[in-house]
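S.K.: With positions in the sequence shown counted from 1, the corresponding number in my numbering is that position plus 8. Backbone N, C-alpha and C define an ideal beta-carbon position, used for all residues, glycine too. In this text the structure is predicted, and so the values were computed from the model without any measurement.
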Amino acid sequence: MANLRFLRGYNDAVVLGLARSGAVTRVELADRSGLTPQAVSKVVSRLIGDGLLVESGTRNVGVGKPRTLLKLVADSRLALGAQVERDELRVVLTDLAGTVLDRAVAPLPRDFDPPTFVEELNRLVDGLRSDRLLGVGIGFVGPLDHRTGVVHYPTGLTAWHDVPLRALAEQRLGLPVVLDKDTNTAVVAEAWRRGEELRDAVLVLVGTGLGVGMLLDGRVHRGVRTNAGEYGHTTIQLDGPPCVCGRSGCIEALHNLAAARGDLVEATSIVGVAVADLVQLLDIDHVVLAGRAVLAEPTAYLDGVRARLPKDEWLPVDVSITPLGDDVVAAGAAMLLLSEFYGRPR
Ligand SMILES: [Zn+2]
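What follows is the structure, encoded as structure tokens:
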């Protein structure tokens, strides 16, 4: 994890994180953070001084004088988030609430190498630069190491073998960078947007590949090497067609073949069967569908998945399409960076 010294301490991060969810009073901040009223008072003055919080109205609390409300100044700091696909780079600018304010998209050459990528990233970032920028989050195709910021060897990108992307990007951009799998940043975006409602969920990203981001008990599940979610390479047909991963009969290979020959029923059924298996395995109650293929045919994918889910009444599963559309991975990458700013990574 990059060492992001955005705030002057843990207490500042905790207070700001609480203010992110809506207007709060100093008393509520003390109750929820466990800090003393004196500590909260000190932190709040500092954050107001830095322009991150503002006093905004009052709330009546029965007896006693009304209490002053504190609000986050959402555009006081900004973040960038990037989505790297095998053929496209997308960068979005968000405020402290994770709202997308602007974006830039550019094609990437086939089998692009790290120097080409870093230059293109720098070009798009420059177009969105601001002196309020905290840093850049990058959602990249796996496998990669989220903690060290190293991209291992994604399929279809032959020049990428253990590339220290986070360090390269920080050096070129002159900004703090966090790196995570695209599926993880996408599920971070949904978790931010939906809060406590979303605790046990998967986000299924169907782009050039097929992967899942998992939110288990309210936290992103990354696994011991931070590579959990390579679900597209689960074998579902023993004598199936070869896959880019070297095995055969993978979910991703079967889905992409069906999609390529225009068999939407088959393609969406494969995703549906795969999602039903995940529901059985993880006992989740929310499934979010995202990615280019899904956004091109949202109703077909929704129907295909819903039709394959378990029908038991005690096992309801909500299936939806991300409302963040094409921005979900990039916006989530910005939110991942902001989570570090708030000191409460999910
Ligand atoms: Zn495979």
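(1) Restricting to Cα atoms, I'd like to know which of Ala-87, Arg-94, Asp-83 is closest to Thr-216.
(2) With DSSP as the reference, label Leu-1 as helix, strand or coil.
(3) Looking only at DSSP bridge pairs, what is Lys-319 linked to?
(4) Does the beta-carbon of His-263, which I'm using as the reference point, lie nearer than 7 Å to any heavy atom of ligand 1?
(5) Taking only heavy atoms of ligand 1 into account, decide whether any of them is closer than 7 Å to the Cβ of Arg-230.
(6) Just the C-alpha distance for Leu-165 and Leu-136, rounded to the nearest angstrom, thanks.
(7) Verify the CB distance criterion: does Leu-262 have a CB-CB separation below 8 Å to chain B?
(8) So, with DSSP's three-state summary, where would you put Ile-292?
(9) Sorry if obvious, but does the Cβ on Val-220 come closer than 7 Å to a heavy atom of ligand 1?
(10) What residue does the alpha helix (DSSP H) around Asp-190 start on, and which one ends it?
(11) Per DSSP, what kind of secondary structure is Arg-75 in: helix, strand or coil?
(12) Rounding to the nearest angstrom, what Cα-Cα distance links Asn-68 and Val-186 in this structure?
(13) Among all the DSSP beta bridges, which residues are the ones paired with Leu-213?
(14) Using 7 Å as the cut-off, classify the Cβ of Glu-63 as near or not near the heavy atoms of ligand 1, replying yes or no.
(15) How big is the Cα-Cα spacing for Ala-112 and Arg-269?
(16) Taking 8 Å as the threshold (C-beta atoms), are Leu-206 and Ala-298 in contact?
(17) Taking 8 Å as the cut-off, does the stretch 295-312 touch the stretch 273-285 (at least 3 CB pairs, one atom from each stretch)?
(18) I need the straight-line Cα distance from Val-126 to Val-158, nearest angstrom please.
(19) Who are the near neighbours of Leu-346 in its chain, counting only those whose CB is closer than 6 Å to its CB and skipping five residues on each side?
(20) Can you give the Cα-Cα distance for Phe-148 and Asp-293, rounded to whole angstroms?
(21) Check this for me: beta carbons of Ala-338 and Val-133, under 8 Å apart or not?
(22) Would you decide whether Arg-13 is buried or exposed? Buried here means 16 or more other CB atoms lie within 10 Å of its CB.
(23) Could you spell out where the alpha helix (DSSP H) holding Gln-46 opens and where it closes?
(24) On the DSSP letters alone, give me the boundaries of the beta strand (DSSP E) that Asp-20 sits inside.
(25) Using a Cβ-based criterion (distance less than 7 Å to any ligand heavy atom), does Arg-255 qualify as near ligand 1?
(26) If you measure from the CB of His-160, is any heavy atom of ligand 1 nearer than 7 Å?
(27) Mapping DSSP to helix, strand and coil, what is Arg-362?
(28) Expressed to the nearest angstrom, what Euclidean distance is found between the alpha-carbon atoms of Arg-255 and Gly-237?
(29) Going by CA-CA distance only, name the one from Lys-79, Gly-106, Trp-200 that's closest to Arg-227.
(30) Just list the residues that DSSP pairs Asp-153 with in beta bridges.
(31) Tell me which same chain residues have a C-beta within less than 8 Å of the C-beta of Ile-329, skipping the five on either side of it?
M.R.: Judging by the given coordinates:
(1) Relative to Thr-216, the option among Ala-87, Arg-94, Asp-83 whose CA is nearest is Arg-94.
(2) In this structure the chain extends from 9 to 354, so residue 1 is not present and cannot be described.
(3) Beta-bridge pairing links Lys-319 to no other residue.
(4) Result no, Cβ not under 7 Å from ligand 1.
(5) Checking the Cβ of Arg-230 against ligand 1 gives no.
(6) Approximately 27 Å between the Cα atoms of the pair.
(7) This model lacks chain B altogether, as it is built from one protein chain only.
(8) Collapsing the DSSP output to three states places Ile-292 in coil.
(9) no
(10) 190-202
(11) strand
(12) 42 Å
(13) DSSP output for Leu-213 lists Gly-219, Ala-298 as bridge partner(s).
(14) No - ligand 1 has no heavy atom lying nearer than 7 Å to the Cβ of Glu-63.
(15) 31 Å
(16) no
(17) yes
(18) 14 Å
(19) Ala-87
(20) For Phe-148 and Asp-293, the distance between alpha carbons rounds to 27 Å.
(21) no
(22) Because the pLDDT at Arg-13 is just 49, under 50, the model does not fix this residue reliably, and the point stays unresolved.
(23) 45-57
(24) It is not in any beta strand (DSSP E) - Asp-20 instead sits in the alpha helix (DSSP H) that spans 18-27.
(25) The answer is yes for Arg-255.
(26) no
(27) Outside the displayed range of the chain (9 to 354) lies residue 362, so it cannot be described from this structure.
(28) 17 Å
(29) That would be Trp-200, whose Cα lies nearest to the Cα of Arg-227.
(30) Val-158
(31) Closer than 8 Å at Cβ, skipping near neighbours: Val-296, Leu-297, Ala-298, Val-302, Leu-303, Pro-306, Tyr-309, Leu-310.
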